[in-house]
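Here the structure is laid out as structure tokens; the discussion comes afterwards.
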Amino acid sequence: MSKMEDYDGPILEIEKLSISFFTRLREIPAVMDFSVAVQPGEAVGLVGESGCGKSTVALGVMQDLGKNGRVVGGTIKFKGRDLAQMSRKELRGIRGNEIAMIYQEPMASLNPAMKIGKQLMEVPMIHEGVSEKEAYQRALEVVTDVRLPDPERMLNSFPHQLSGGQQQRIVIAMALMSKPSLLILDEPTTALDVTVEAAVVELVKDLGKKYGTSMLFISHNLGLVLETCDRLCVMYSGEAVERGSIHDVFDEMQHPYTQALFRSIPLPGADKNSRPLVAIPGNFPLPHERPPGCNFGPRCDYFEQGRCDQDMVIPMSPVHGNDRHETRCLRFQEIDWNAPITLGEQKEKTAPGKVVLKMENLKKYYEVAANALFGGGDKKVVKANETLSFEARESETLAIVGESGCGKSTFAKVLMGLETATEGQILLDNRNIEQIPIEERDTKTISDVQMVFQNPFDTLNPSMTVGRQIMRALEIFGIGNSEAERRKRMLELLDLVKLPRAFADRMPRQLSGGQKQRVGIARAFAGGARIVVADEPVSALDVSVQAAVTDLLMEIQRKEKTTLLFISHDLSIVRYLSDRVMVMYLGHVVELGTTDQVFAPPYHPYTEALLSAVPIADTSVEKEHIVLEGDIPSAMNPPPGCPFQTRCRWKSEVPGNLCEREVPPQHQLEDGHQIKCHLSDEVLERMKPVIKVAAE
Amino acid sequence: MEPLSAIEIAGRIVYQLSPVWISLVILYAASIGFKRRLGLYGKLFDSPIGMIGFGLVMFWVFTGVYGAMDMIITHDPLSQLSGMKNKVPGTPLRNPEEGQYQWYLLGGDNLARDVFSRLVKGAWEVIKIAPMAAVFAFMVGITLGLPAGYYGGRLDTILSFAANLILAFPVILLFYLLVTPEIVATGVPNYMAIVLFVFPIIFVGVLLNSRYYTRPKLRNWMLPLVLGTIIWFYLQLVSNGGYLINTPEYAIWGLPRAMDMFDIPGGILVVFVSVVFVNSPTVFRIVRGLTLDIKTRDYVAAAQTRGEGPWYIMLWEILPNARGPLIVDFCLRIGYTTILLGTLGFFGLGLPPESPDWGSTINDGRKLLSIYLHPALPPAFALLTLVLGLNLLADGLREESLRD
């Protein structure tokens, strides 16, 4: 089927859309009274927390709501035609042809049993009936467009032979094969590493311009939306709460939820002591337990009883003076939007105490047999950790930053005793523990070093009550002499993480992600842990919850004088809460220093790229654009010399082929700031700051 | 007296089964009434397929239990009444005695026994063996599958190889070997029973100890009590007439007769052992696969980092979270076991020749199938409905456990 004839109205026009899912018990409204328009060539961002209905809107546009989902009101018009009125055949002609969708998980969007080329060629062959030869030509063209190296080899490979970033580029290429007029991107970069994400975002932006495609960009990350979109629509609990151009919404927000959202994300300038984040109080309402009136009412600072909670649907009202800027708030004209943030309680900066943990030249190598079945053949060595050295002090937060495959999880495993070190030493209170596996450690050592895990949905045993799990940890650590004592202590731990005591008898599935993470924290502190390894503890949580959980961690740290090893790839949050930062790349520590040292030049070239890649949701921030080419090399087969040399943009500044020949030495700068780089001091001096906050 | 018409037969059978109907109605009323509080079992009553399956299964369970209590049957399943050989359903007795039921509701078989009563008694044969055999197969499979999946490596290789070896062996041939009198005389089935029935003891012992070793006070009285009881039952199970093994050449003493409350007839023991033996490798594989998957979860890592022992992690962190697929497989496995028992009976293996079990009755009826259909048909239909019920139940459970 060919494309629809030329049309110059809005590409997509959603009006008063309501979508409900029908379950055995009740109707669950997922989207209510939602309107948005996408003009030709425009990129519209759809932002909100998980469960707010943003993906449902995308599925509604694709008319793919499944068995129990149904549009119960409103219209979705594509190029002026109502999608609901179309026959299945017409819809088939539009899907993948006029409207293309890119999903979060690239591997799940590609057919693993089919070569890339074949999958790409299918699109024009089905929709436009072009010949195989022409389709191949087009596939080649598009793969070149998404900047993949060696397009012909790419077309001839299977999805599993590519890396995650390459796969996502192929998915984008597939979406572009039919030159669609509308591209729906549903969290397209969430599964990717930051530097890869930055490259993909850059690509999407450029392609949007080149092909003139309109985009609907769904994301929970305000920074990403700022970088990619022209207009923005903020959703909360199934409704659009604010809509307008990026600059209007970012700089002149007119809805309390938008404001609260911005205050809960760590922007440059936020600081855990002097300017702590403001978490949104309360929880996201369940779809069938929404309050009357304004959905955000119960969590809103500007809530007015009798007005915000009257039983009516609050309409969108236009904000005068701005272009198509609307908000769903009854009081937006009364609120002083420029009022300074009432500062939360300011805290004393705690001074780090004595050294608790010390690592010296820690190495962890894995041997992988080339032939797994018979054990013969050459053995390959994977160098997961190379000469790690650092110290951590009491009540200090040391952030360990790096992307997947940088060896941070291996390091955590060695520290916890799940693996033993190959070389070097780990000193806990001046005792060597690197060769003691966890079974041989005494209870005190085990309870001293504990861990908080990343995935809240995986961190608790789903078939045991919350209280039981914490009590089990107490039992193992030998705390309390009787059940009653342990129960009492468990309830105190629930108080510590600010959960109601009634949660003790709940099953994990009855808790939200943030609550589960709190239980995980309570469990880690059950034995009075002195060192807590937090492995991306908030990365899987929604922004408004992130702030609350981060604050909780900080508060407990302050109280218990814990040493926190905070593993993360999110530099905004690292900057907010850590005292010192260690940047890792392919098993090497490439930079180590205090937070201020690491976030200001001179940088290690990798840190520089990482800083540039992190999206920042602030229009006043200017970033230097550094896009790293290629993917992170595999730890099985690292490049010779400096691990970062394959992607480094400063490589030409080093004379000779030094970077390709030798692993750089630890370069000591002032005050214990160290960088693993061959660059000379003069070159390092020349580096400019990546992030600049424009003068107001 | 006149023979009964088809409607009268049906009416009388329904009447005979009235305790079963009453029990079913009570069970369903109670279950549907409280379904929101009963977890997965309660959810079963949201699925029509699950309800039908559960109904079929419970019908046979009640029939078997009441039959064993001599409530439903109309005649003694073993006694032969003169003149009733191969008589069609509804035939009245020739010389009914005082108080005797006057008809053979489903006719007589080729030895003039009442088909209906044998059918009901046959249900008990299945109900008493199949679920127990499945339980034992699960104990063996779980106790070996968990460490194989959790530790991996050489242990996994060896155990998986052994499992494959058993699975590769033709089942019927294995049964023929096991019930051959010469082999029985060497005591092989008894040795197998001694080994296979140890697994529940290991399972329960490790289960309790791994959890309660942190609370010695509780553990020190609970563990001996529980294990003592189980070991006592185990010894009763494996020792017969005061002997563990009793062959012409030698004998091994077992539990004294005074402490032995029950004896398992040799034939049933052989059937039991062989069914457990061929079923456990499949369970082993399922458990191993699930363990491989679940051991990568964060809560397992959390348990490791707080220094839990491997058996605690396997039995309390991994096993409970593998329960969904295991419950479904348990239902299916009872079904397979039922078929296996039918097959064994059909070949006349293990059980005594006059046994009313369905497999044997089908085999008896088969010989005159072209002339008299009625002795073979009811047990075949019974076997079909029970297995169908179990499969539907498993389907319902799978469907419901995946929802919400």
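Those protein sequence lines, which keep their order, are chains X and Z.
Take 15 as the starting number for the first sequence in the working numbering and just add one per residue.
Take 9 as the starting number for the second sequence in the working numbering and just add one per residue.
Just so you know, even glycine gets a beta-carbon here, dropped at the ideal spot from N, CA and C.
As the structure is a computational prediction, the values presented were derived from the model and not from experiment.
At least one CB of chain X closer than 7 Å to the CB of Z:Glu407: is that the case?
As a working mapping, residue 407 of chain Z is identified with position 399 in the second sequence. Among the residues facing chain X, Z:Glu407 is not included, as its CB has no counterpart in that chain under 7 Å away.
X:Ala386 burial status per 10 Å Cβ neighbour count (16 or more: buried):
By one-based count along the first sequence, residue 386 of chain X stands at place 372. Because X:Ala386 sits at a pLDDT of 49, beneath the cut-off of 50, its placement in the model cannot be relied upon, and the following sentence gives the value as read from the coordinates. Exposed, by the Cβ-count rule.
Would you call the stretch 123-139 of chain Z and the stretch 360-372 of chain Z in contact, with 3 or more CB pairs under 8 Å?
As far as the Cβ criterion goes, the stretch 123-139 of chain Z touches the stretch 360-372 of chain Z, which means the pair count is three or higher.
Taking 7 Å as the CB-CB limit, is Z:Gly47 close to chain X?
Within the second sequence, residue 47 of chain Z is the residue found at index 39, counting from 1. No, its Cβ sits nowhere closer than 7 Å to a Cβ of chain X.
Would you say Z:Gln108 lies against chain X (beta-carbon separation less than 7 Å)?
Locating residue 108 of chain Z in the second sequence gives position 100, counting from the first residue. No, Z:Gln108 lies away from the interface with chain X (no Cβ there is under 7 Å from its Cβ).
Chain Z contact for X:Asp472 (CB, 7 Å cutoff):
The residue labelled residue 472 of chain X in the question sits at position 458 within the first sequence. When Cβ-Cβ separations below 7 Å define contact, X:Asp472 makes contact with chain Z.
Any idea what DSSP makes of Z:Tyr199, helix, strand or coil?
Start at 1 with the first residue of the second sequence, and residue 199 of chain Z comes out as number 191. DSSP places Z:Tyr199 in helix when its eight states are reduced to three.
Rounded to whole angstroms, what is the Cα-Cα separation between X:Ile108 and Z:Ile30?
Start at 1 with the first residue of the first sequence, and residue 108 of chain X comes out as number 94. Start at 1 with the first residue of the second sequence, and residue 30 of chain Z comes out as number 22. One Cα belongs to X:Ile108, the other to Z:Ile30, and the distance between them is close to 59 Å.
Where the alpha helix (DSSP H) through X:Met485 begins and ends
In the first sequence, the residue the question calls residue 485 of chain X occupies position 471. Counting along the chain, the unbroken alpha helix (DSSP H) around X:Met485 starts and ends at Val480 to Ile490.
Cβ of X:Ala386 less than 7 Å from any chain Z Cβ?
To locate residue 386 of chain X, count along the first sequence from 1; it is residue 372. Its pLDDT being 49, under 50, X:Ala386 is placed unreliably by the model, and the measurement read from it follows with that caveat. No, X:Ala386 lies away from the interface with chain Z (no Cβ there is under 7 Å from its Cβ).
Which whole-angstrom value is the C-beta distance of Z:Phe62 and Z:Leu401, which I expect to be below 8 Å?
Along the second sequence, read from residue 1 onward, the residue named residue 62 of chain Z stands at position 54. Along the second sequence, read from residue 1 onward, the residue named residue 401 of chain Z stands at position 393. About 5 Å separates the CB atoms of Z:Phe62 and Z:Leu401; that is less than 8 Å, so the two are in contact.
Is there a Cβ of chain Z sitting closer than 7 Å to that of X:Met650, yes or no?
Within the first sequence, residue 650 of chain X is the residue found at index 636, counting from 1. The beta-carbon of X:Met650 is placed no less than 7 Å from the nearest beta-carbon of chain Z.
Does Z:Gly315 have its Cβ less than 7 Å from a Cβ in chain X?
Residue mapping note: residue 315 of chain Z aligns to position 307 of the second sequence, counting from 1. Interface residue, yes.
Beta-carbon neighbours of X:Val398, restricted to chain Z and to distances below 8 Å:
Counting from one through the first sequence, the residue named residue 398 of chain X turns up at place 384. As written in the sequence, residue 398 of chain X is Ala, which differs from the Val given in the question. Within 8 Å Cβ-Cβ: nothing; X:Ala398 doesn't reach chain Z, min ~17 Å.
Between which two residues does the alpha helix (DSSP H) harbouring X:Cys673 extend?
Here residue 673 of chain X refers to the residue found at position 659 when the first sequence is read from its first residue. Its alpha helix (DSSP H) spans residues Leu672 to Arg675.
Would you grab the beta carbon distance between X:Ala623 and X:Leu600 for me? Rounded to a whole angstrom, and I think it's under 8 Å.
Indexing the first sequence from 1 puts residue 623 of chain X at position 609. Indexing the first sequence from 1 puts residue 600 of chain X at position 586. About 14 Å separates the two Cβ atoms, so there is no contact after all.
Am I right that X:Val546 and X:Leu578 are in contact with their C-beta atoms under 8 Å? What's the rounded C-beta distance?
By one-based count along the first sequence, residue 546 of chain X stands at place 532. By one-based count along the first sequence, residue 578 of chain X stands at place 564. Yes, they are in contact, since the Cβ atoms of X:Val546 and X:Leu578 sit about 6 Å apart, within 8 Å.
Quick check on X:Glu318: buried or exposed, where buried means 16 or more other Cβ atoms within 10 Å of its Cβ?
Here residue 318 of chain X is taken as the residue at index 304 of the first sequence, counted from 1. With a threshold of 16 other beta carbon atoms within 10 Å, X:Glu318 falls short and is exposed.
How would you write the range of the alpha helix (DSSP H) that Z:Gln312 sits in, first residue to last?
The sequence position of residue 312 of chain Z within the second sequence is 304, counting from 1. Run containing Z:Gln312: Asp306 to Thr313, per the alpha helix (DSSP H) assignment.
Contact list for Z:Pro328 against chain X, beta-carbon separation under 7 Å
One-based indexing of the second sequence puts residue 328 of chain Z at position 320. For a Cβ distance threshold of 7 Å, residue set Ser477 of chain X lies close to Z:Pro328, ordered along the chain.
Tell me where the beta strand (DSSP E) around X:Leu26 begins and ends.
Start at 1 with the first residue of the first sequence, and residue 26 of chain X comes out as number 12. Run containing X:Leu26: Leu26 to Phe36, per the beta strand (DSSP E) assignment.
Which value, in whole angstroms, describes the spacing of the CA atoms of X:Ser34 and X:Asp472?
What you label residue 34 of chain X is simply residue 20 of the first sequence in a count that begins at 1. What you label residue 472 of chain X is simply residue 458 of the first sequence in a count that begins at 1. Annotation: X:Ser34 to X:Asp472 spans about 29 Å, alpha carbon to alpha carbon.
Quick one: what does DSSP say X:Glu256 is sitting in, helix, strand or coil?
Translated into the one-based positions of the first sequence, residue 256 of chain X becomes position 242. Residue state, collapsed to three classes: strand.
Is the beta carbon of X:Ser278 sitting closer than 7 Å to the one on X:Ser558?
The residue you call residue 278 of chain X lines up with position 264 of the first sequence. The residue you call residue 558 of chain X lines up with position 544 of the first sequence. If you check the CB distance, X:Ser278 and X:Ser558 come in under 7 Å.
When the Cα of X:Ser477 is compared with those of X:Cys308, X:Glu489, X:Asp519 and X:Lys377, which residue comes out closest?
The residue labelled residue 477 of chain X in the question sits at position 463 within the first sequence. Ranking X:Cys308, X:Glu489, X:Asp519 and X:Lys377 by Cα distance to X:Ser477 puts X:Asp519 first.
Between X:Val157, X:Asp159 and X:Phe172, which lies nearest to X:Asn125 when the distance is taken from Cα to Cα?
Locating residue 125 of chain X in the first sequence gives position 111, where the first residue counts as 1. Of the listed residues, the one whose Cα sits closest to X:Asn125 is X:Phe172.
Return the first residue and the last residue of the alpha helix (DSSP H) that X:Lys147 is part of.
On the first sequence, residue 147 of chain X is found 133 positions in, with the first residue counted as 1. Counting along the chain, the alpha helix (DSSP H) containing X:Lys147 begins and ends at Glu146 to Asp159.
Report the residue from X:Glu166, X:Ile113, X:Arg161 and X:Glu104 whose alpha carbon sits nearest the alpha carbon of X:Lys132.
Taking the first sequence and counting its residues from 1, one reaches residue 132 of chain X at position 118. Nearest of X:Glu166, X:Ile113, X:Arg161 and X:Glu104 to X:Lys132, Cα basis: X:Glu166.
State the Cα-Cα distance for the pair X:Glu710 and X:Gly534, rounded to the nearest angstrom.
As a position in the first sequence, residue 710 of chain X is number 696, starting the count at 1. As a position in the first sequence, residue 534 of chain X is number 520, starting the count at 1. The predicted model places X:Glu710 with a pLDDT of 44, which falls under 50 and marks its position as unreliable; any figure quoted below should be read in that light. One Cα belongs to X:Glu710, the other to X:Gly534, and the distance between them is close to 42 Å.
Burial state of Z:Asn399 (16 or more Cβ within 10 Å):
As a working mapping, residue 399 of chain Z is identified with position 391 in the second sequence. It is buried - the Cβ of Z:Asn399 has at least 16 other Cβ atoms within 10 Å.
Could you tell me the boundaries of the beta strand (DSSP E) in which X:Leu199 lies?
Sequence index remark: in the first sequence, residue 199 of chain X carries index 185 (1-based). For X:Leu199, the enclosing beta strand (DSSP E) starts and ends at Leu196 to Asp200.
Have a look at X:Asp685, X:Gln531, X:Ile630 and X:Pro615 and flag the residue whose alpha-carbon is nearest the alpha-carbon of X:Arg700.
Locating residue 700 of chain X in the first sequence gives position 686, counting from the first residue. Residue X:Pro615 is the option with its Cα nearest to X:Arg700.
Within the stretch 206-241 of chain X, ranges of the beta strand (DSSP E) (whole runs, at least 3 residues):
Those beta strand (DSSP E) runs which fall completely within the stretch 206-241 of chain X and span 3+ residues are 228-233.
For chain Z, is any of its Cβ atoms less than 7 Å away from the one on X:Asn495?
Here residue 495 of chain X refers to the residue found at position 481 when the first sequence is read from its first residue. Taking 7 Å as the threshold, the shortest C-beta distance from X:Asn495 to chain Z does not fall below it.
Taking all protein chains shown into account, decide if X:Asp78 is buried (16 or more other Cβ within 10 angstroms of its Cβ) or exposed.
The sequence position of residue 78 of chain X within the first sequence is 64, counting from 1. By the neighbour-count rule (16 or more Cβ atoms within 10 Å), X:Asp78 is not buried but exposed.
Are the C-beta of Z:Gln24 and some C-beta of chain X separated by less than 7 Å?
As a first step, residue 24 of chain Z must be located in the second sequence, where it is residue number 16. At a cut-off of 7 Å between beta-carbon atoms, Z:Gln24 makes no contact with chain X.
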